[in-house]
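Number 16 in numbering that gives the first Met the number 0 belongs to position 17 of the sequence shown; there are no gaps in the numbering.
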Amino acid sequence: MDITLYKSSTNKSSSVNITGSKSESNRLLLLQALYPNIHIKNLSNSDDSVLMQKALNSKNNIIDVHHAGTAMRFLTAYFSIQKDTEITLTGSSRMKERPIKILVNALRSLGAEITYLENEGFPPLKIKGTKLIKNEVSLDANVSSQYISALLLIASKLENGLKLNLKGKITSIPYINMTLSLLNQIEVTTDFKNNTISVQPSKGEAKTQSLTVESDWSSASYFYSIAALSDLGTEIQLASYKKDSLQGDSVLSEIYKQFGVKTTYNKHTLTLEKSAKTSKNTTIDLDLSSAPDIAQTIAVTAFGLGLECKLTGLHTLKIKETDRLVALKTELEKLGAQVDITLDTLQLKPSNKIKNKRVIETYNDHRMAMAFAPLALKTEITVKDANVVSKSYPQFWEDLKAIGFNLK
């Protein structure tokens, strides 16, 4: 399904309820499988979380996670410790191109029995569940934090816990801290000092408790972009959020000050207000190594406002649903942008004109569709394969209509 977004304007004031964080939900679903006394509220309704639930509840010995990268990493670790099981873990053609060797090597060093069924270093995998006795492993710290979180999530169920040594500069620390915080909430003892993380083995079952997932900050990013591109005084309320969020993407509230967007917290509601115009001389210069998922949104916002933008710390974007750096460059240039990329940076030159009626390819990537949608406040665009948003935010297009966007 393609969607055409006609040149639109937002309501002066509107409100949106956003589903639970995909990142928190998938971590808690795995912990719930290990500790059934946990109950989860405000679970994400994203495809990725639905697939995660389905996989954890499946009685089949072939598990297909389609495009869900988080599920692939987390389930590789989970099935490694399910004694007396043998599972084939597979996914889409793109998933079979996404590396998993670093995680597999780490699990094998702990005693896991995992074999590659097609290409060395990539899914699909055959995993024979076993008891892991070894308790120490080392990883390069600049790899995807999902490899690290996958190991941490199963660590308390290992016979002797886990000591994880991270070598070099750590990428996406907020996601690691999110994992550790959720472990602490179910009374698993952890320690994170310098580049070493320790997780103690659990002493029986977790106590019965309900944990509420905060709404998704990555999904909030598109409304920050909309607010930035809207008229002065435009307000958008988003629910439900915490001021002391576990999610790394909560840095949006600080970043978007540069785009003239003020954030106000009231209980569990965020109010975004376009409170100031942005000078054309502004350069957006950010290191996003701790929050790479919002890079596409920020680049598109900067382009929509005619600003120069320099983003670094983007090396993990090349192994996402698509190579997001190449995809961003290609689609922004269709609209008239000048973009230079390296393996981990993006530089956007300021531009005064946005080309009209361009077709945006989404490359099976939900964030490409949603990041470009706010440009309908400036020009007409068509988004190809628009239902790709269901991966993280199924009701995205309905929510855009509700705040004033004209689309069909």
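Ideal Cβ placement from N, Cα and C applies to all residues, glycine included. Source: prediction; values computed, not measured.
- When Cβ pairs closer than 8 Å are counted between the two stretches, the region 111-120 is seen not to touch the region 185-198, the count staying below three.
- By the Cβ-count criterion, Asn41 is buried, with 16 or more other Cβ atoms from all chains shown falling within 10 Å of its own Cβ.
- In this structure, the straight-line span from the alpha carbon of Thr9 to that of Phe222 is close to 11 Å.
- Here Gln184 carries a helix assignment [DSSP, helix/strand/coil].
- With distances taken between CA atoms, Thr344 lies nearest to Leu287 out of Trp396, Ile37, Leu287.
- Counting only runs of 4 or more residues that sit fully inside the region 85-173, the alpha helix (DSSP H) segments are 100-109, 144-154, in chain order.
- Rounded to the nearest angstrom, the Cβ distance from Pro291 to Ser171 is 7 Å, consistent with a contact under 8 Å.
- Lys156 and Ser249 have their alpha carbons spaced roughly 30 Å apart.
- Contact check for Thr84 against Ile61 fails: the beta carbons are separated by 9 Å or more.
- Membership of Lys400 in the alpha helix (DSSP H) is indicated by the continuous run 395-401.
- Leu347 is not a Cβ neighbour of Ala375, given a cutoff of 9 Å.
- For Ser143, the CB contacts under 6 Å within the same chain, skipping 5 residues up- and downstream, are Thr315 in chain order.
- Ser350 has its alpha-carbon roughly 39 Å from the corresponding atom of Ser24.
- Thr262 has Leu271 as its beta-bridge partners, per DSSP.
- If the five residues before and after Ser201 are omitted, its C-beta is found closer than 7 Å to the C-beta atoms of Ser155, Lys156, Val187, all from its own chain and listed in chain order.
- Per DSSP, the unbroken alpha helix (DSSP H) holding Ala32 starts and ends at 21-33.
- Counting C-beta pairs with one atom in each stretch, the region 121-128 and the region 72-84 have three or more that are closer than 8 Å, which means they touch.
- Cβ-Cβ separation between Val338 and Lys328: approximately 4 Å, consistent with a contact (criterion under 8 Å).
- For Lys40, the enclosing beta strand (DSSP E) stretches over residues 37-40.
- Distance from the CA atom of Gly19 to the CA atom of Leu306, rounded to whole angstroms, is 32 Å.
- Between Lys11 and Thr270, the C-beta gap is not smaller than 9 Å, which leaves the two residues out of contact.
- Annotated three-state conformation of Gln246 is coil, per DSSP.
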